[in-house]
Amino acid sequence: MSYTTETADQVSSIAGEKYKYGFVTDIEMDLAPMGLNEDIVRFISAKKDEPEWLLQWRLRAYERWLTMEEPKWAKVQYPEIDFQDAYYYAAPKSKEDGPKSLDEVDPELLRTYEKLGIPLLEQQMLAGVAVDAVFDSVSVATTFRKELAKVGVIFCPISEAVKDYPELVQKYLGSVVPYSDNFYATLNSAVFTDGSFCYIPKGVRCPMELSTYFRINQANSGQFERTLIIADEGSYVSYLEGCTAPQRDENQLHAAVVELILLDDAEIKYSTVQNWYPGDADGKGGIYNFVTKRAACRGRNSKVSWTQVETGSAVTWKYPSCILQGDNSVGEFYSVAITNNLQQADTGTKMIHIGENTSSTIIAKGISAGRSQSTYRGLVRMQPGAKGARNYTQCDSLLIGDKCGAHTVPYIENRNRTAQIEHEATTAKISEDQLFYCRQRGLTDEEALSMIVNGFCKQVLQELPMEFAVEAQKLVGISLEGSVG
Amino acid sequence: MTSENYQAQLAENVPQTDLPWLADMRQGAADRFASTGLPDRKVEAWRYTNLKPIRAHLFDLSLGQSVNPPPALLADSLRLVFADGQLVSCPDNLPAGVRLDGMARTLAEDPGVLNGHLHGIQAIRDLPLPALNNALSRDGYVLILEPGVKVAEPIEILFLSATGATYPRNLILAGAGAQASIVEHYLGTDDCDGDYLVNSVTEVYAATGARLKRYKIQQDNPATSHIATLAGQLAADAVLENFDLNLGAKLARSEIHMALQGKGADVSLSGVYLLRDKQHCDNAILMDHVVGGTNSHQDYRGILDDKAHGVFQGKITVQPDAQGIEGHQLNRTLLLSDRAEMDSKPELEIRADDVKCSHGATIGELDETGLFYLRTRGIPEAEARQLLMTAFIVETLGHIDDDAIRGVMDALVSDWMAA
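Chains as they are written, first to last, in my numbering: chain A, 511 to 995; chain B, 48 to 466.
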């Protein structure tokens with residue numbers, strides 16, 4: 511069990527409530543004035559040199575957002591967010607024409623990535639992973655673009671895609687998550703600054719795993735990513751998303767939108783490891799993570815798989831969903847959500863079965879420790895046309911300590927006789943017998959806990975691509991630090 | 048209807064009383080209802096049920112009709128009969144230590160036994176429909192069991208309805224160690240296809256070690272609305288078994304709030320809903336484990352045909368520090384038709400760690416291979432389907448351990464299947 515020793519090392523290295531990635535990079539920022547109004551929306555659009563249609567779209571979103579109320583139904587509590595007390599545009603200053611290669615990238619930035627464990631150059635050579643690194647709001651370095659271009663895969667910042675592939679962006683942007691979708695997605699539509707764009711052409715199997723690293727840096731700058739991935743007929747892509755954030759005392763808002771579009775026979779595997787700063791043991795600080803992720807399986811036989819390991823953030827509000835429209839399309843959701851101290855997570859998925867013989871699988875594992883609250887909230891809906899559709903849902907909660915909470919709120923709606931839905935959920939505490947057995951074999955409390963919890967999550971962790979699986983296993987141990995013994 | 052309209056209607060219809068506590072209670076309830084009105088579907092608890100059909104009938108308060116009640120379901124039962132909400136017959140010879148009477152008469156003759164208990168369960172006090180019931184109720188039954196009393200005969204309460212809106216208000220007070228079985232039967236009169244409303248509330252207080260079995264049979268007329276709220280408080284080692292058979296009404300809602308307040312308390316809720324045409328039935332359950340060492344079980348199964356719409360919302364709550372809990376919940380539904388719809392929301396809210404809680408939900412159609420097998424054995428299709436349907440709900444019916452009552456339920460179920 512080498513990883514358990516590693517976990518123990520990791521745990522001791524972050525003792526003293528220090529968040530490993532809690533540092534602040536000192537780079538000159540190009541800021542929009544604080545606050546949010548129509549001018550800020552125009553400012554962002556102008557900064558990005560956007561076409562008129564996108565500006566109008568943003569403005570429509572902003573108009574709508576003004577009429578909306580923050581959702582209150584989730585089992586999360588946090589102080590009222592003052593949306594005027596934040597910067598909506600923060601871009602690292604770069605040379606007039608932008609960097610042509612990594613050499614031209616601000617060395618300060620590159621050092622930040624190194625501290626984060628994202629050595630771009632090394633990754634290019636060793637891992638074979640193309641990285642579109644997002645530093646605050648603007649993508650500053652994109653690698654492997656040429657190699658991807660050889661097979662026709664477009665992978666670039668969405669701000670570039672707007673300029674270079676306007677017809678694709680205009681066709682699909684907001685087609686899965688409309689600008690009027692929900693409070694946070696609407697806000698995102700108005701003020702999103704950047705994100706990733708990916709198009710996999712017909713019949714292409716993307717030769718490498720695509721990944722992007724998000725990072726929140728500027729104090730008080732909400733980050734609004736917009737990701738759009740289009741998998742054309744018969745294509746395949748695996749997309750990895752990982753996040754870390756520097757330690758800050760003021761709460762930071764993150765309201766991203768991810769849209770996936772799948773045409774006939776396409777497949778997207780979307781994996782996330784989220785370990786943003788969760789706040790300290792007293793619940794001070796930490797990220798508010800209010801994300802809208804949705805995949806539209808428009809084509810026949812298409813397949814989307816969401817895998818997420820959520821260990822960070824003070825408050826998480828996230829429901830990666832699948833709209834299974836094409837006949838025989840498949841949706842999967844594998845989730846591990848770990849909350850400790852005063853973290854709160856309200857997460858789950860929505861499976862909307864529209865087409866015939868669509869099927870979905872939901873495996874959700876929630877682990878609550880400390881005084882945290884973890885909620886699984888999910889919807890499975892069989893529309894009248896979902897003939898022969900199937901769903902299987904399993905959501906299990908594990909409680910560590912007597913001050914935490916674990917909640918399960920599934921909505922199951924069936925309007926088709928031939929559709930079958932099976933749902934099961936359990937909640938229990940970590941077994942004393944298992945802990946005793948591990949300790950009796952010489953493992954420490956922390957090692958035993960990490961091992962048992964990893965076992966509990968295995969069904970989900972094994973769905974992750976290899977690189978992420980290793981990181982995720984370590985994270986499981988780190989996140990639960992101090993919750994036993 | 049606006050708040051002022053409700054105020055005016057309520058002022059006209061809240062029954063008068065000389066008892067200050069009762070007058071205050073009714074007025075308080077009327078004010079609460081007037082301030083909220085009927086919940087709409089934006090209220091989470093009413094997400095799947097639209098109350099519009101009952102709006103027009105809320106203040107359609109009728110006087111009891113003279114009807115001939117059908118024979119009792121159970122032989123040798125202690126039987127009360129209500130017609131359109133008012134008591135028409137009551138047993139004479141009650142066993143020692145048992146008070147079984149109408150609510151109106153008890154309020155007139157011995158109101159002290161009700162004070163503090165009537166509308167006393169906090170969990171439902173502020174809910175609109177129980178509040179409306181409290182404001183407008185004219186009658187209902189009262190069952191008070193002295194400590195240690197074990198009632199051998201089943202208690203059968205018939206609510207016969209033909210017209211208008213009725214608000215039965217029922218109260219069960221079981222002393223320490225007392226035992227009884229109660230059947231609440233809601234029935235529409237044969238010669239009536241009218242559209243009436245029943246909005247009943249039953250409050251149950253089970254003292255230490257009391258054991259109660261309650262069975263509710265809902266056979267209201269097909270055009271009607273039936274809203275029922277059951278609220279229970281259980282002290283240490285008290286046991287409550289409740290079974291709901293939902294057959295009638297166009298719009299039915301059975302809402303149950305249980306508070307397990309003493310160590311060793313045990314609640315088992317089960318139910319069968321059989322729906323066809325455009326029937327709508329919503330079972331909403333809140334199981335609140337207030338203290339540790341308490342157990343609960345829920346098992347609800349249903350069969351939906353035609354354009355029927357079934358709803359199950361079951362929630363288990365474990366309060367902070369309520370350790371040593373077992374709570375289980377199961378909801379299974381068969382869809383027989385392409386136009387039927389089932390919405391299920393089994394919910395867990397756990398704030399203590401030494402718990403074993405689970406829920407399961409399935410929705411699907413009749414097993415085609417099972418059907419095929421039976422037909423290869425020479426069983427005609429209709430009969431084979433009935434066999435499979437019976438098999439589907441027989442486990443839930445199995446929670447009824449009283450043979451006579453089980454016999455009644457079985458007969459009603461097979462009548463439904465044969466229809």
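In this text, a Cβ means the ideal position worked out from N, Cα and C, and glycines have one as well.
Integer Cβ distance of residue i from residue j, believed to fall under 8 angstroms
| i | j | result |
| --- | --- | --- |
| T903(A) | E394(B) | T903(A) to E394(B), Cβ: 14 angstroms. No contact. |
| C708(A) | V768(A) | Their Cβ separation, rounded to whole angstroms, is 11 angstroms, which puts C708(A) and V768(A) out of contact at 8 angstroms. |
| N799(A) | W827(A) | 7 angstroms |
| A982(A) | V819(A) | 4 angstroms |
| A212(B) | L244(B) | 4 angstroms |
| P215(B) | S184(B) | 7 angstroms |
| V714(A) | L985(A) | About 32 angstroms; that fails the 8 angstroms criterion. |
| A907(A) | S882(A) | In the sequence as presented, Ala is not what sits at residue 907(A); that position holds Ser. About 12 angstroms; that fails the 8 angstroms criterion. |
| G446(B) | S405(B) | It should be pointed out that residue 446(B) corresponds to His in this sequence rather than to Gly. With 8 angstroms as the limit, H446(B) and S405(B) do not qualify as a contact, their Cβ atoms being about 17 angstroms apart. |
| V198(B) | I452(B) | Contact doesn't hold; Cβ gap of about 14 angstroms is too wide. |
| L750(A) | S706(A) | Between S706(A) and L750(A) the Cβ distance is about 11 angstroms, and since that is not below 8 angstroms, they are no contact. |
| A130(B) | V114(B) | 5 angstroms |
| I332(B) | I372(B) | I332(B) to I372(B), Cβ: 16 angstroms. No contact. |
| N926(A) | P894(A) | 6 angstroms |
Nonlocal neighbours in the same chain, by C-beta distance under 8 angstroms from residue i, ignoring five residues either side
| i | result |
| --- | --- |
| Q265(B) | Y233, H273, A275, D291, L292, N293, L294, G295, A296, A299 and S301 |
| C948(A) | E957, A958, M961 and I962 |
| T437(B) | V460, S461 and M464 |
| H164(B) | L218, L220, E250 and Y252 |
| M72(B) | L165, H166 and N181 |
Residues of its chain near residue i, where Cβ-Cβ distance is below 7 angstroms and the 5 sequence neighbours each way are ignored
| i | result |
| --- | --- |
| D448(B) | none |
| N378(B) | Y347, F359, G361, S391, P393 and A408 |
| A119(B) | R126 and E203 |
| W68(B) | N162 |
| I397(B) | V365 and C404 |
Beta-carbon proximity list for residue i, same chain, < 6 angstroms, skipping 5 on both sides
| i | result |
| --- | --- |
| V286(B) | R258 and D313 |
| S869(A) | V840 and R900 |
| L127(B) | C137, Y188 and I204 |
| L382(B) | L351 and E412 |
| K260(B) | S228 and E288 |
| Q433(B) | M464 |
| C832(A) | A805, V814, G841 and M861 |
| C328(B) | N293, A299, Y320, L322 and G357 |
| L179(B) | F80 |
| G144(B) | E193 and V196 |
| Y844(A) | T817, I873, V970 and E973 |
| T64(B) | A70 |
| A847(A) | E820, A855, T857, G876 and S884 |
Exercise. Any chance the stretch 849-860 of chain A sits against the stretch 582-596 of chain A, with 3 or more Cβ pairs inside 8 angstroms?
Worked result: yes
Problem set entry | Within the stretch 168-224 of chain B, ranges of the alpha helix (DSSP H) (whole runs, at least 4 residues) | 169-172 and 175-183
For this session: May I have a chain-ordered list of the alpha helix (DSSP H) segments no shorter than 4 residues that lie completely inside the stretch 354-415 of chain B?
Result: none
For this session: Could you list the residues in the stretch 405-428 of chain B with a C-beta less than 7 angstroms from some C-beta on chain A, going in chain order?
Result: S405, H406, G407, A408, T409, I410, G411 and E412
For this session: Report the residues of the stretch 656-673 of chain A with a CB closer than 8 angstroms to any CB of chain B, ordered along the chain.
Result: none
Problem set entry | Within 8 angstroms of chain B by C-beta, residues of the stretch 860-871 of chain A in sequence order | none
Problem set entry | Segment contact flag, the stretch 343-362 of chain B with the stretch 859-866 of chain A, C-beta cutoff 8 angstroms, min 3 pairs | no
For this session: Quick one: which residues of the stretch 893-921 of chain A get their C-beta closer than 8 angstroms to a C-beta of chain B? List them in chain order.
Result: P894, S907, L909, I910, G911, D912, K913, C914, G915, A916, H917, T918, V919, P920 and Y921
For this session: May I ask you to verify whether the stretch 303-313 of chain B touches the stretch 337-347 of chain B, counting CB pairs closer than 8 angstroms and requiring at least 3?
Result: yes
Exercise. Three or more C-beta pairs closer than 8 angstroms, one from the stretch 550-570 of chain A and one from the stretch 690-704 of chain A: is that the case here?
Worked result: yes
Exercise. Name the residues in the stretch 921-955 of chain A whose C-beta lies less than 9 angstroms from a C-beta of chain B; which are they?
Worked result: Y921, I922, E923, N924, R925, N926, R927, T928, A929, Q930, I931, E932, H933, E934, A935, T936, T937, A938, K939 and I940
Exercise. What residues in the stretch 387-407 of chain B bring their beta carbon closer than 7 angstroms to a beta carbon of chain A?
Worked result: A387, E388, M389, D390, S391, K392, P393, E394, L395, E396, I397, R398, A399, D400, D401, V402, K403, C404, S405, H406 and G407
Problem set entry | Interface residues of the stretch 309-336 of chain B facing chain A [CB-CB below 8 angstroms] | none
Problem set entry | Near-chain A residues of the stretch 339-371 of chain B (beta-carbon distance less than 8 angstroms), N- to C-terminal order | P367, D368 and Q370
For this session: Could you list the residues in the stretch 81-109 of chain B with a C-beta less than 9 angstroms from some C-beta on chain A, going in chain order?
Result: E91, R94 and Y95
Exercise. Which ranges would you report for the beta strand (DSSP E) in the stretch 870-954 of chain A if only whole runs of at least 3 residues count?
Worked result: 883-892, 900-910, 915-924 and 930-939
Exercise. Taking only runs of the alpha helix (DSSP H) that begin and end inside the stretch 668-729 of chain A, which ones reach a length of at least 4 residues, in chain order?
Worked result: 668-674, 676-682 and 693-701
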